[in-house]
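In the working numbering, the protein residues as written are 11 to 215.
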């Protein structure tokens, strides 16, 4: 996901810089044409030397801006080539206005998309599992009841052991109490709690 985001951001930045460079180049061409016209007007006495100097300053300022934008565009192009491994073969649109606009997202949609992300769902499952482990570890502190049932036959005489009506049921409950285990149960709870907290941090990150 991080690589896809980096590629998308770099591509959009490259698109923006390409558009700004194009506009700067057009502005530079206009300034150069204006400078040439002012120089001709000076030759015939319709413009002063100060007018020429002002036009030259504006032209040079636009030239510096265009050069800087071109440098930034080339650097971004190289960064995109490294991210995609496609070299200079990535088509970059030069007209931002001609690009299709993104569809407007419906209210609540971003959160639904977030919940469908595999990493978010995995973090949620880790948190659920960690919470269940805490419950299981805490249950070790309480008594456990075991119920045992047996079905067999009973008779006072061996010959009547398998006669009708000789069946017998045995239902035996058993209560198991936790014994002293040198803090092992408490340690298991602490470990489960720590894993739950860790899973929560992973989910937030």
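Don't be surprised by glycine CBs; every beta carbon is placed ideally from N, CA and C.
- Apart from the 5 residues on each side of it in sequence, residue 79 sits with its Cβ closer than 7 Å to the Cβ of 27, 30, 31, 34 in its chain, given in chain order.
- Here DSSP, grouped into helix, strand and coil, assigns residue 17 to helix.
- Taking the CA atoms as reference points, residue 48 sits about 16 Å from residue 37.
- Taken atom to atom, the span from the alpha-carbon of residue 91 to that of residue 39 is near 30 Å.
- Here residue 81 is exposed. Its C-beta has fewer than 16 other C-beta atoms within 10 Å.
- Remark: C-beta atoms of residue 52 and residue 62 approach each other more closely than 7 Å.
- Straight across, the Cα-Cα distance linking residue 76 with residue 54 is about 32 Å.
- CA-to-CA, the gap between residue 85 and residue 95 works out to about 15 Å.
- Put simply, of 60, 59, 41 the residue whose alpha carbon is nearest the alpha carbon of residue 69 is 41.
- Restricting attention to 46, 16, 89, the CA atom closest to the CA of residue 66 is found in 46.
- In this structure, 21 is the residue among 21, 15, 14, 60 with its C-alpha nearest to the C-alpha of residue 87.
- Between the alpha carbons of residue 83 and residue 89 lies a gap of roughly 10 Å.
- Annotation for residue 57: 48, 51 place their beta carbon closer than 6 Å to its own, counting only its chain and skipping 5 residues before and after.
- Classified as exposed, residue 13 has fewer than 16 neighbouring CB atoms from the shown chains inside 10 Å of its CB.
- Under the three-state reduction of DSSP output, residue 69 falls in the helix class.
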